[in-house]
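Worksheet: the structure to be examined is printed underneath.
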Amino acid sequence: MSGDRKVKIRLDGVWIEVKEGAQLAAALLDLGVVSLRRSATGERRGALCAMGSCHECRLVVDGHRGVRSCLIRVRDQMQVETERELDRAPLAPLEISAPQQDVANLLVIGAGPAGLAAAIAAAELGLDVLVVDESPGPGGRIWAHNDRIPAEARSWIERAERAGVRRLHGYSIIDGEPGRLQASSVASGESIEIECDTIVIATGARERFLPFPGWTLPGVVGAGALQSLIKGGLAVKGKRLVVAGTGPLLLAVAQLARQQQARVLLVEQASNFKRIPLLLRVLKSRARIRQSMALWKSLRDVEKLSCSWPVKAEGDQRVERVHLQTEKGIRIEDVDGLAVGFGLVPETRVAEGLGCRILDDGCVAVDHQQWTGVEGVYCAGEPTGIAGCEAAIDSGLVAGISAAGRTPRAHLQARVRRHRAWGAALEAAHSLRPELFHQGRGEVMLCRCEDVTAATADRIGSIREARLLCRIGMGPCQGRVCMPILEAQGEHRADSVRPPWSTSPGKGEISQ
Ligand SMILES: Cc1cc2nc3c(=O)[nH]c(=O)nc-3n(C[C@H](O)[C@H](O)[C@H](O)COP(=O)(O)OP(=O)(O)OC[C@H]3O[C@@H](n4cnc5c(N)ncnc54)[C@H](O)[C@@H]3O)c2cc1C
Ligand code: FES
Numbered sequence: 064m065s066g067d068r069k070v071k072i073r074l075d076g077v078w079i080e081v082k083e084g085a086q087l088a089a090a091l092l093d094l095g096v097v098s099l100r101r102s103a104t105g106e107r108r109g110a111l112c113a114m115g116s117c118h119e120c121r122l123v124v125d126g127h128r129g130v131r132s133c134l135i136r137v138r139d140q141m142q143v144e145t146e147r148e149l150d151r152a153p154l155a156p157l158e159i160s161a162p163q164q165d166v167a168n169l170l171v172i173g174a175g176p177a178g179l180a181a182a183i184a185a186a187e188l189g190l191d192v193l194v195v196d197e198s199p200g201p202g203g204r205i206w207a208h209n210d211r212i213p214a215e216a217r218s219w220i221e222r223a224e225r226a227g228v229r230r231l232h233g234y235s236i237i238d239g240e241p242g243r244l245q246a247s248s249v250a251s252g253e254s255i256e257i258e259c260d261t262i263v264i265a266t267g268a269r270e271r272f273l274p275f276p277g278w279t280l281p282g283v284v285g286a287g288a289l290q291s292l293i294k295g296g297l298a299v300k301g302k303r304l305v306v307a308g309t310g311p312l313l314l315a316v317a318q319l320a321r322q323q324q325a326r327v328l329l330v331e332q333a334s335n336f337k338r339i340p341l342l343l344r345v346l347k348s349r350a351r352i353r354q355s356m357a358l359w360k361s362l363r364d365v366e367k368l369s370c371s372w373p374v375k376a377e378g379d380q381r382v383e384r385v386h387l388q389t390e391k392g393i394r395i396e397d398v399d400g401l402a403v404g405f406g407l408v409p410e411t412r413v414a415e416g417l418g419c420r421i422l423d424d425g426c427v428a429v430d431h432q433q434w435t436g437v438e439g440v441y442c443a444g445e446p447t448g449i450a451g452c453e454a455a456i457d458s459g460l461v462a463g464i465s466a467a468g469r470t471p472r473a474h475l476q477a478r479v480r481r482h483r484a485w486g487a488a489l490e491a492a493h494s495l496r497p498e499l500f501h502q503g504r505g506e507v508m509l510c511r512c513e514d515v516t517a518a519t520a521d522r523i524g525s526i527r528e529a530r531l532l533c534r535i536g537m538g539p540c541q542g543r544v545c546m547p548i549l550e551a552q553g554e555h556r557a558d559s560v561r562p563p564w565s566t567s568p569g570k571g572e573i574s575q
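Position 261 (the sequence shown) corresponds to 324 in the numbering used here; numbering is contiguous.
Written out as structure tokens, the structure reads:
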């Protein structure tokens with residue numbers, strides 16, 4: 064972002080000033096525009112994931128329908144319409160131009176730590192590398208930034224530039240096969256066809272959402288989503304925020320919100336007792352002790368609850384109150400926002416679409432060289448296991464070296480194995496309590512795209528039936544939000560992924 068420079072955008076016919084370069088979803092929230100669209104049954108909806116998965120933030124931008132406002136930055140003279148305006152002003156059909164072409168030795172999908180590391184390793188070994196990412200800038204989730212790039216990210220980005228890595232931002236990989244993939248612009252739906260010899264999939268992870276009464280209210284967002292919105296320019300100074308769910312991401316989000324002078328209540332569903340084995344592991348590593356001490360110091364004035372979770376969100380047009388189940392009973396908090404996430408789900412859609420094998424734990428199967436078993440297709444980072452940034456970098460290096468036809472050093476591969484063990488310990492310490500799966504019952508919305516309630520979904524016997532009979536997973540999110548819920552409830556296993564792997568503007572369905 065260019066400091067505090069303002070630009071003008073037209074929102075539903077009214078010119079307003081917003082910070083130049085801010086994430087559009089964050090800029091609108093900052094203006095108090097929390098509700099962005101009406102759902103199929105007329106409910107108000109706002110951004111949920113802020114990372115391109117849920118499509119709840121979709122708007123009409125410069126005449127293009129279905130644009131995810133969390134994936135684009137504000138530009139001067141941008142024309143923005145919330146979907147409810149469509150009734151009054153129907154849009155002309157979109158003209159999508161013929162696909163452009165690009166060719167590379169190696170295509171890396173995702174510019175997070177894993178993708179950047181893979182791209183650098185391969186480019187330094189002489190390959191022509193193209194990285195494609197649907198976000199507006201490099202860094203993935205942990206290094207997402209607005210005006211100030213984190214120092215660690217800067218060094219990787221600069222190294223990628225020195226190695227001649229080419230980057231294409233604002234494009235989702237939505238279809239294809241090994242050797243030839245299709246990327247589609249998140250702003251306009253225009254496509255590019257990319258030919259390549261090898262592929263490294265580094266598509267990261269997304270948040271797991273679990274439904275509870277009121278979770279569809281505008282102002283209820285993911286935990287990582289709150290982080291993304293703040294980094295995108297949302298001011299939270301003085302706001303009362305509950306950050307709830309599970310896992311270390313909550314701590315990072317609470318820390319950022321606190322730094323921005325929000326009033327934070329941190330609510331973890333796991334018990335402290337369950338996290339003792341993790342603590343013992345932390346004590347074995349000086350680096351982890353230092354990191355943990357710094358984190359806890361920054362959160363010392365934040366109230367923390369364990370064994371607690373949200374059971375209900377209430378409000379008129381947006382969330383105003385949260386009911387929390389605590390060890391002492393129900394506690395009701397007045398809030399300006401609720402950020403809630405129940406861990407991470409590996410983002411494997413592209414891998415599945417390319418024919419990679421998915422393990423029972425939902426991760427892409429890879430060998431010690433991060434090879435997926437599909438010719439010319441490697442995978443690195445969170446799709447192969449949720450284990451944090453260092454794991455993403457090391458597995459990315461292994462994948463990039465392997466994609467260049469070399470053998471990665473044994474010590475690098477051993478580090479990846481150690482990271483995986485840490486990831487498993489994190490997972491065990493934050494396993495989800497069964498009560499959480501029973502909150503999405505009755506009239507609670509389970510599929511947000513198609514407005515299917517849990518009561519309706521109860522009648523289905525398989526994921527196939529869910530799709531065919533109830534349209535669960537058939538809306539713009541393509542199952543990214545609802546399928547992990549069905550899986551977490553333990554009754555079903557998601558079926559195969561079909562192209563397009565992501566919904567593009569112009570082709571997106573609008574539920575009016
Ligand atoms: C919302 C969120 C917030 C997080 N915040 C933190 C944090 O603060 N601290 C921390 O230690 N860890 C955090 N994590 C965990 C974090 O994911 C890892 O630590 C690390 O960033 C993983 O790196 P990665 O390269 O595997 O994936 P990511 O960093 O997630 O990068 C994946 C990239 O792939 C892109 N992508 C995905 N699908 C496509 C597609 N089809 N086409 C084009 N591009 C695509 C995405 O836009 C993204 O930039 C967060 C995770 C999430 C989901
Ligand atoms: S909030 Fe933008 S896609 Fe989820």
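By construction, the Cβ of each residue, glycine as well, lies at the ideal position given by its N, Cα and C atoms. Only a predicted model underlies this, so the values are computations on that prediction, with no experimental measurement involved.
If we count the other Cβ atoms within 10 Å of its Cβ and call it buried at 16 or more, is ALA484 buried or exposed? Within the sequence shown, the letter at position 421 stands for residue 484. That one is exposed.
Can you tell me whether ARG151 is buried or exposed? The criterion is at least 16 other CB atoms within 10 Å of its CB, across all chains shown. Here the question's residue 151 lines up with position 88 in the sequence shown. Residue confidence is low: ARG151 scores 41 on pLDDT, short of 50, so the model does not pin down where it sits. Its coordinate-derived value is still stated next. With fewer than 16 other Cβ atoms within 10 Å, it is exposed.
Residue interval of the beta strand (DSSP E) (run including SER254): The count along the sequence shown starts at 1 and reaches residue 254 at position 191. Taken as a continuous stretch (DSSP letters only), the beta strand (DSSP E) holding SER254 covers 254-264.
Among HIS482, ALA167, GLU377 and GLU396, which residue has its Cα nearest to the Cα of PRO281? Looking up residue 281 in the sequence shown gives position 218. Among HIS482, ALA167, GLU377 and GLU396, the Cα nearest to that of PRO281 is on GLU377.
For the beta strand (DSSP E) containing SER235, name the first residue and the last one. For the purposes of this step, residue 235 is taken as residue 172 along the sequence shown, with counting starting at 1. That run of the beta strand (DSSP E) goes 234-240.
TRP78 to ASP125, Cα distance in whole Å? Within the sequence shown, residue 78 is the residue found at index 15, counting from 1. Within the sequence shown, residue 125 is the residue found at index 62, counting from 1. Rounded to whole angstroms, TRP78 to ASP125 spans 14 Å at the Cα level.
Check whether the region 204-215 and the region 226-234 are in contact - that is, three or more C-beta pairs closer than 8 Å. no
Bridge-paired residues (DSSP) for LEU407: As a position in the sequence shown, residue 407 is number 344, starting the count at 1. Bridge partners of LEU407: GLU270.
So the alpha helix (DSSP H) ARG465 belongs to, where does it begin and stop? Taking the first residue of the sequence shown as position 1, residue 465 is located at position 402. Arg is not the amino acid found at residue 465; the sequence shown has Ser there. It spans 452-466 - the alpha helix (DSSP H) in which SER465 sits, taken as one unbroken run.
Would DSSP call SER248 helix, strand or coil? The sequence position of residue 248 within the sequence shown is 185, counting from 1. Strand, per DSSP.
Flag this pair as touching only if the region 314-332 and the region 358-375 have three or more C-beta atom pairs under 8 Å; answer yes or no. yes
Host beta strand (DSSP E) of ARG191 (start-end): The sequence position of residue 191 within the sequence shown is 128, counting from 1. It should be noted that the sequence gives Asp, not Arg, for residue 191. Counting along the chain, ASP191 falls outside any beta strand (DSSP E), and DSSP gives it neither H nor E.
Pick from ILE523, ARG269, ALA307 and GLY404: whose alpha carbon is nearest that of CYS426? For the purposes of this step, residue 426 is taken as residue 363 along the sequence shown, with counting starting at 1. Ranking the options by Cα distance to CYS426, first place goes to ARG269.
May I ask you to report which of helix, strand or coil DSSP gives CYS519? For the purposes of this step, residue 519 is identified with residue 456 of the sequence shown, where counting begins at 1. According to the sequence shown, residue 519 is Thr rather than Cys. Note: THR519 maps to helix in three-state DSSP.
For GLN55, report the span of its alpha helix (DSSP H) as first-last. Because residue 55 is not part of the residues shown, which for the chain are 64 to 575, the question remains open.
Should PRO539 be counted as a contact of ligand 1 given a C-beta to heavy atom distance under 7 Å? Sequence index remark: in the sequence shown, residue 539 carries index 476 (1-based). No; taking the cut-off as 7 Å, the Cβ of PRO539 has no heavy atom of ligand 1 nearer than that.
GLY503 versus TRP219: straight-line alpha-carbon distance, rounded: Counting from 1 along the sequence shown, the entry for residue 503 is found at position 440. Counting from 1 along the sequence shown, the entry for residue 219 is found at position 156. The alpha-carbon atoms of GLY503 and TRP219 are separated by roughly 42 Å.
So, under 8 Å CB-CB, GLY459 and GLY285 are touching, yes? Tell me the CB distance rounded to an integer number of Å. Here the question's residue 459 lines up with position 396 in the sequence shown. Here the question's residue 285 lines up with position 222 in the sequence shown. Actually they are not in contact, since the Cβ atoms of GLY459 and GLY285 sit about 24 Å apart, beyond 8 Å.
Skipping 5 residues on each side, what residues in its chain have a beta carbon closer than 6 Å to that of ARG351? In the sequence shown, residue 351 corresponds to position 288, counting from 1. If we look at ARG351 and ignore the five residues flanking it on each side, its Cβ neighbours are VAL345.
Determine the burial state of SER559: buried for a count of at least 16 other Cβ atoms within 10 Å of its Cβ, exposed for fewer. Against the sequence shown, residue 559 aligns to sequence position 496. That one is exposed.
Determine the burial state of GLY416: buried for a count of at least 16 other Cβ atoms within 10 Å of its Cβ, exposed for fewer. Numbered from its first residue, the sequence shown carries residue 416 at position 353. Answer is buried; the Cβ neighbour count reaches 16.
Determine the extent of the alpha helix (DSSP H) in which ILE421 is found, giving its start and end residues. Against the sequence shown, residue 421 aligns to sequence position 358. First-last for ILE421: undefined, no H or E at that position.
Are there 16 or more other CB atoms within 10 angstroms of the CB of PRO153, so buried, or fewer, so exposed? Indexing the sequence shown from 1 puts residue 153 at position 90. For PRO153, the predicted structure reports a pLDDT of 46, less than 50, and the residue's modelled location is therefore unreliable. A value from the coordinates is still provided. PRO153 is exposed by the Cβ-count criterion.
Identify which residue in GLU331, PRO340, ARG68 and VAL249 has its Cα closest to the Cα of GLN388. For this step, residue 388 is matched to residue 325 along the sequence shown. Comparing Cα positions, the closest option is GLU331.
How many Å lie between GLN380 and ARG107 at the Cα? Within the sequence shown, the letter at position 317 stands for residue 380. Within the sequence shown, the letter at position 44 stands for residue 107. Computed Cα separation, rounded: 7 Å.
Between LEU312, LEU314, ILE293 and LEU341, which has its C-alpha nearest GLN323's C-alpha? Here residue 323 corresponds to residue number 260 of the sequence shown, with the count starting at 1. Nearest option by C-alpha distance: ILE293.
Please check if any C-beta of chain D sits within less than 8 Å of the C-beta of ALA207. Protein chains in the displayed structure number just one, and chain D is not present.
Within the continuous beta strand (DSSP E) that includes PRO508, where are the two ends? As a first step, residue 508 must be located in the sequence shown, where it is residue number 445. Here residue 508 turns out to be Met, not Pro, going by the sequence shown. Residues 508-510.
Any heavy atom of ligand 1 closer than 7 Å to the Cβ of MET546? Along the sequence shown, one-based indexing puts residue 546 at 483. The answer is no for MET546.
Give the straight-line distance between the Cα atoms of ALA491 and LEU244, rounded to the nearest whole angstrom. As a position in the sequence shown, residue 491 is number 428, starting the count at 1. As a position in the sequence shown, residue 244 is number 181, starting the count at 1. Taking the straight line joining both Cα atoms gives about 37 Å.
When DSSP builds the beta bridges, which residues end up paired with ALA223? One-based indexing of the sequence shown puts residue 223 at position 160. DSSP output for ALA223 lists no bridge partner at all.
Nonlocal neighbours in the same chain, by C-beta distance under 8 Å from THR516, ignoring five residues either side: Taking the first residue of the sequence shown as position 1, residue 516 is located at position 453. Around THR516: GLY505, GLU506, VAL507, MET508 and LEU509.
At least three beta-carbon pairs within less than 8 Å, the region 292-310 to the region 475-484: no
By the 10 Å Cβ neighbour count, where 16 or more other Cβ atoms means buried, how is MET114 classified, buried or exposed? Within the sequence shown, residue 114 is the residue found at index 51, counting from 1. It counts as buried.
Tell me the DSSP bridge mates of LYS367? Sequence index remark: in the sequence shown, residue 367 carries index 304 (1-based). DSSP, once it has assigned bridges, lists LEU329 as partnering LYS367.
May I ask whether a heavy atom of ligand 2 can be found less than 7 Å away from the beta carbon of ALA118? For the purposes of this step, residue 118 is taken as the residue at position 55 of the sequence shown. With the sequence shown as reference, residue 118 is identified as His, and Ala is not the correct amino acid for it. Indeed, a heavy atom of ligand 2 lies less than 7 Å from the Cβ.
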